[in-house]
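Below: one structure, written as structure tokens.
In full-length UniProt numbering, the protein residues as written are 1 to 1131.
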């Protein structure tokens, strides 16, 4: 190394932390000698880290006691490079741990356990500040300010506590809010409909948190679950909320009972995050129901004598709450005419049914050819039942002599047509009441009907009426006053009809009513499209705007689209026409192929199916053709049979049912679908337009080729090439960037691919196997891989030659053969499957009901069919609708119509809920025992026993579970509230159960029995009886005699017993179980305008099932459904 001139050698050691190297030596070559200092020591010292200091940032912290948390902040100074944990300790204070603050309480982990709260502040390397949270719960107790003392405990690392090593957290008391009633008294009126009392509560103070308080019923004269229902006894206040409301339901008093004002007392308790204020109690007063008012419609009536008896119509008007059944007797209080000589009053009682505002009684004007002066009869209204008498309580009937010149009186409207409610789904039949119009002179009337429309009157912006013939789809029979809708009846329409009555002198009067349909039913078809959106496109932009109604298609493509005709019928034609909008279907999935619908479908508003064939019709209509002209152009162009209605025919169902034109229409539809989808996909790879605009451009290109008497062959490659080119030109109007030259380069090859798929459709038909399935397989490929390949070719990811090779010839056939599809076809025959025995469908009744049945109705025995007991909603009886075709657009009356009471049951009966001179009971359990005369008993509170014995008795049990036995005579009995037992005894009895689950037996005689509300047991006994169940699920048995059984609302069990019995059926009234129907002996009758043609009859486990649309209205147990014919139904 000396040869190199190097004198010194430096040795560098890289020393790793914590390694102690004590000795080292250096090796040199033989040319150099080692000196005496030939060893050395390197000592590596471990340097101690710098210290750091931790302390609270402030001596005092404060937090409001409002359910949040306090933050304690600590600062760290000095060496910040170390990780450190600082323990915080609670050293004292006036606050209570786990009550005023949480320290050791576990934090809920949401899985039934918990984990400890942290008492440690953490400092990461470089971190100068850390925090610790202390949870402060919301405390509704007024305690004043409390505090917690904290200090710094252990510190990891080389840290020490600073001078501010302790702090105090002050918890400032926030008083809980005060909750109390807003008023001391609340009032509600009990009427014929359900009502609600609303109780408001106020909250003051701190509103930052949620609060709740319980309302308890502590007293009052009203009976719970009878006079009122209190479902939700908790009032809730959200953050910031100062007022809350709870509701008390007040059921309708359909029996118009006289009870006086009743009340309920409430008290506040168990407040959460609040305290109850001074106004902790309140009262709800249930005021007596205001009865309707009845009075004469006119002060004077007149009628001319004739050579035969004529009738003078005396009309009465009822105003106010019309939810009651009302009766009022009419008496003669004076006048110059003689009873039995000049006049007669055969039926002196006027009745009003539920919702009825006007009624008529008739005075017979007897024949009298003697010349005499005008005579008169003074009529007066007596004590009403279910009503009060108004100011016009008297009227005069003038009887004119035949020789006196008489001014002709025109006909009058007696029963407005709009009050004769009618709902219908597909078949519209409305027969007007024969007393809709009345001729005061008793002569016959003739009738006509016309449409009353509206027309725009220039620029004056006013509407003027005009009369027109009835629509083509509506026929009026003036002899029977019956309107009948034809098969051409549209789904969407709105029209006003005027019916005019004319007397022999030419005097007329008329009444106008509205008929409308707000629901258009349709089917979206490629295969059936499920989950698609069908909407009414008013502005024809292909986009569902906010005001445009829509519906979602079901698994069979079906949809019901509700539309407000008055809103969208802008030209006031009464119909929704193409100029006012179109039907559009977008999205969804083809249930046969499983492929998404990529081509929006369009149809004119009258269409019942929506396909790409209807899209062609709509396109031609948009070009100026009528719907019929456009339909014919499509038929001619695609070679479809004459008479096919493209807008109405479901080609899938028609093919399955082998209907004429079904296969041909299905083939044409699929070819158009294939063509439109494949051209749209091809152009979609070259242009940026919406799916709707793209499809409309392709559809327009095809429609433009459909000139009158022309054909469009979609299996011809040359014709398809032309369609591709024309569609591309149409798309260029939307997206000018499309490369038409590129389209032309691919058009011939693409047309070959499209023709191949459509030719396979013809092959399927020629083979004649499973046409629906085999066509679906072709679609699966044509609309799936083939359409995707064409789009890929246009986008440049595949060559057009590759697409041709994969989608023609044997390659196409292989794809089709491998396709898996699932056709769903609309059912054409209703055939019920065999299910478990009927007893499994209808589980047994409650056992505690059986002893009552066995005791009162022993003849039912083991043949009684059990029923399912459910609670129907209470209808609003005060809302009378106009006529609506489908769906309930206006409020509808779902209660049964008022029964026609038999004359025998009414003869001599004074039907009132209270009666003068009646012996009245007390609040205790009373017993009344009548004598041989006509007795009148009125129970009060308590469980009363009322025994009429002989005579025509009147009895009302009123409140309590009462026992009523009329005994001999024609008795009138009311059960009142609660669960009553009522026996008619001998005679023609009139019995009403009123409220509660009642047991009613008419016994001997021709009785009228009505359970009214509750789950009632009603038996006619011997005689020809009329039985009504009323509301809820009732059991009716006619026993001996020719009985009429009407279950009314609810799922009722009906047993006719011996005799020729008639069972009344209705829509929306429940599934009535008829257990002993005998063919050729018993009969069925339909209400609400239903006819036999509305019914679908099928078999279920040996029983006959009667449906209206999808609703089961009756089940005839152990009855052969094939025996049930139109002959079993009476008018």
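Built from N, CA and C at the ideal position, the CB exists for glycine as well.
Exercise for review: Have a look at 108, 85, 100, 110 and flag the residue whose alpha-carbon is nearest the alpha-carbon of residue 119.
Suggested key: The sequence position of residue 119 within the chain shown is 119, counting from 1. Ranking the options by Cα distance to residue 119, first place goes to 85.
**Study point:** Through-space distance from residue 748 to residue 612, alpha-carbon basis
**Key:** For this step, residue 612 is matched to residue 612 along the chain shown. For this step, residue 748 is matched to residue 748 along the chain shown. In this structure, the CA atom of residue 612 is about 24 Å from the CA atom of residue 748.
Review point. What's the gap between the Cα of residue 149 and the Cα of residue 74?
Key: Translated into the one-based positions of the chain shown, residue 149 becomes position 149. Translated into the one-based positions of the chain shown, residue 74 becomes position 74. If you take the alpha carbons of residue 149 and residue 74, they lie about 15 Å apart.
Check your understanding: Can you tell me whether DSSP reads residue 660 as helix, strand or coil?
Key -> By 1-based counting over the chain shown, the position of residue 660 is 660. Correct three-state label for residue 660: coil.
Practice item. Answer yes or no: do residue 295 and residue 386 have a C-beta to C-beta separation smaller than 8 Å? Key: On the chain shown, position 295 is the one that residue 295 refers to. On the chain shown, position 386 is the one that residue 386 refers to. Not in contact: residue 295 and residue 386 (Cβ atoms no closer than 8 Å).
Check your understanding: Going straight from the alpha carbon of residue 428 to that of residue 485, what length do you get?
Key -> The sequence position of residue 428 within the chain shown is 428, counting from 1. The sequence position of residue 485 within the chain shown is 485, counting from 1. Approximately 5 Å between the Cα atoms of the pair.
Check your understanding: Is it true that the region 991–999 meets the region 1010–1022, where meeting means three or more beta-carbon pairs spaced less than 8 Å apart?
Key -> Under the three-pair Cβ rule at 8 Å, the region 991–999 counts as touching the region 1010–1022.
**Study point:** Bridge-paired residues (DSSP) for residue 399
**Key:** Along the chain shown, one-based indexing puts residue 399 at 399. Per DSSP, 303, 375.
Review point. DSSP on residue 605, reduced to helix/strand/coil?
Key: Translated into the one-based positions of the chain shown, residue 605 becomes position 605. Coil.
Check your understanding: Which of helix, strand or coil does DSSP assign to residue 329?
Key -> Sequence index remark: in the chain shown, residue 329 carries index 329 (1-based). The three-state reading of DSSP puts residue 329 in strand, counting E and B together.
Review point. What number of angstroms, rounded off, separates the C-alpha of residue 196 from the C-alpha of residue 274?
Key: The count along the chain shown starts at 1 and reaches residue 196 at position 196. The count along the chain shown starts at 1 and reaches residue 274 at position 274. Our two residues, residue 196 and residue 274, have alpha carbons roughly 27 Å apart in a direct line.
Point to revise | Residues bridged to residue 324 [DSSP beta-bridge criterion] | key: The count along the chain shown starts at 1 and reaches residue 324 at position 324. Looking at the DSSP output, residue 324 shares a beta bridge with no other residue.
Point to revise | Helix, strand or coil at residue 489 according to DSSP, with G and I counted as helix | key: Looking up residue 489 in the chain shown gives position 489. In this structure, DSSP gives residue 489 a state outside helix and strand, which the three-state scheme calls coil.
Review point. How about the region 182–190 and the region 206–218: do they share at least three Cβ pairs that are nearer than 8 Å?
Key: Counting Cβ pairs under 8 Å, fewer than three are found: no touch.
Practice item. Mind the definition here: the region 196–209 touches the region 123–133 only if three or more C-beta pairs lie below 8 Å; say whether that holds. Key: Result no; under three Cβ-Cβ pairs closer than 8 Å.
Point to revise | Burial state of residue 1000 (16 or more Cβ within 10 Å) | key: Here residue 1000 refers to the residue found at position 1000 when the chain shown is read from its first residue. Around the beta carbon of residue 1000, a 10 Å sphere encloses 16 or more other beta carbons of the protein chains shown; the residue is thus reported as buried.
Exercise for review: Kindly give me the distance between the Cβ atoms of residue 132 and residue 72, rounded to whole angstroms, as I take these residues to be in contact under 8 Å.
Suggested key: Here residue 132 refers to the residue found at position 132 of the chain shown. Here residue 72 refers to the residue found at position 72 of the chain shown. Indeed they touch by this definition, with Cβ atoms about 5 Å apart.
Check your understanding: What residues match up with residue 590 in a beta bridge as DSSP calls it?
Key -> For the purposes of this step, residue 590 is taken as the residue at position 590 of the chain shown. Note: residue 590 sits in a beta bridge opposite 529.
Point to revise | Euclidean distance between Cα positions of residue 373 and residue 401 | key: Taking the first residue of the chain shown as 1, we reach residue 373 at position 373. Taking the first residue of the chain shown as 1, we reach residue 401 at position 401. C-alpha separation (whole angstroms): 6 Å.
Exercise for review: Whole angstroms is fine: what's the gap from residue 1130's alpha carbon to residue 757's?
Suggested key: Here residue 1130 refers to the residue found at position 1130 of the chain shown. Here residue 757 refers to the residue found at position 757 of the chain shown. The alpha-carbon atoms of residue 1130 and residue 757 are separated by roughly 57 Å.
Point to revise | Span separating the alpha-carbon of residue 238 from that of residue 186 | key: Numbered from 1 along the chain shown, position 238 holds the residue referred to as residue 238. Numbered from 1 along the chain shown, position 186 holds the residue referred to as residue 186. Cα to Cα, the separation comes out at about 24 Å.
Check your understanding: Going by C-alpha distance, which of 725, 546, 964 is nearest residue 939?
Key -> As a first step, residue 939 must be located in the chain shown, where it is residue number 939. Closest by alpha carbon: 964.
Point to revise | Segments of 4+ residues assigned as alpha helix (DSSP H) that fall wholly inside the region 701–739 | key: If we require 4 residues or more, the alpha helix (DSSP H) runs fully inside the region 701–739 come out as 717–732.
Check your understanding: Where does residue 870 fall in DSSP's three states?
Key -> Against the chain shown, residue 870 aligns to sequence position 870. Only weak support exists for where residue 870 lies, its pLDDT of 29 falling under 50; the value from the coordinates is given anyway. In the structure shown, residue 870 sits in coil (DSSP, three-state: anything other than H, G, I, E or B).
Practice item. Check residue 597 in the structure and name its three-state DSSP category. Key: Reading the chain shown from its first residue, position 597 is the one you call residue 597. Coil, per DSSP.
Check your understanding: Is the CB of residue 973 under 8 Å away from at least one CB in chain D?
Key -> Among the chains in the structure shown there is no chain D, since it carries only a single protein chain.
Check your understanding: Roughly how far, in whole angstroms, is the beta-carbon of residue 172 from the beta-carbon of residue 70, given that I think they are within contact range, below 8 Å?
Key -> The residue you call residue 172 lines up with position 172 of the chain shown. The residue you call residue 70 lines up with position 70 of the chain shown. About 11 Å separates the Cβ atoms of residue 172 and residue 70, ruling out a contact at the 8 Å cut-off.
Review point. Which runs of the beta strand (DSSP E) fall wholly inside the region 199–271 and span at least 3 residues, in chain order?
Key: The qualifying runs are 211–219, 234–237, 243–250.
Practice item. Report yes if the CB atom of residue 1017 is closer than 8 Å to the CB atom of residue 1043, and no otherwise. Key: The sequence position of residue 1017 within the chain shown is 1017, counting from 1. The sequence position of residue 1043 within the chain shown is 1043, counting from 1. The criterion of a C-beta distance shorter than 8 Å is not satisfied by residue 1017 and residue 1043.
Check your understanding: Taking DSSP as the reference, what is the three-state secondary structure of residue 995?
Key -> Your numbering for residue 995 matches position 995 in the chain shown. Secondary structure of residue 995 (DSSP, three-state): coil.
Review point. Can you tell me the Cα-Cα spacing of residue 1084 and residue 972, whole angstroms?
Key: One-based indexing of the chain shown puts residue 1084 at position 1084. One-based indexing of the chain shown puts residue 972 at position 972. A direct Cα-Cα distance of roughly 28 Å separates residue 1084 from residue 972.
Review point. Between residue 1193 and the rest of its own chain, which residues show a CB-CB distance below 7 Å, the 5 nearest in sequence each way excluded?
Key: Since the first residue of the chain shown is 1 and the last is 1131, residue 1193 is not available in this structure.
Exercise for review: Please confirm whether residue 627 and residue 604 have their CB atoms less than 8 Å apart.
Suggested key: Walking along the chain shown from the start, residue 627 turns up at place 627. Walking along the chain shown from the start, residue 604 turns up at place 604. With contacts defined as CB atoms closer than 8 Å, residue 627 and residue 604 qualify as a contacting pair.
Check your understanding: Could you give the residue range of the alpha helix (DSSP H) that holds residue 615?
Key -> In the chain shown, residue 615 corresponds to position 615, counting from 1. DSSP places residue 615 inside the alpha helix (DSSP H), whose first and last residues are 612–622.
Practice item. Please go through the same chain and pick out, in chain order, the residues whose beta-carbon is closer than 8 Å to the beta-carbon of residue 623, but skip the five residues on each side of it. Key: The sequence position of residue 623 within the chain shown is 623, counting from 1. Leaving aside the five residues that flank residue 623 on each side, the residues in its chain whose CB is nearer than 8 Å to its CB run, in chain order, 703.
Practice item. State buried or exposed for residue 475, treating a residue as buried only when at least 16 other CB atoms are found within 10 Å of its CB. Key: Numbered from its first residue, the chain shown carries residue 475 at position 475. Exposed, since its Cβ has fewer than 16 Cβ neighbours within 10 Å.
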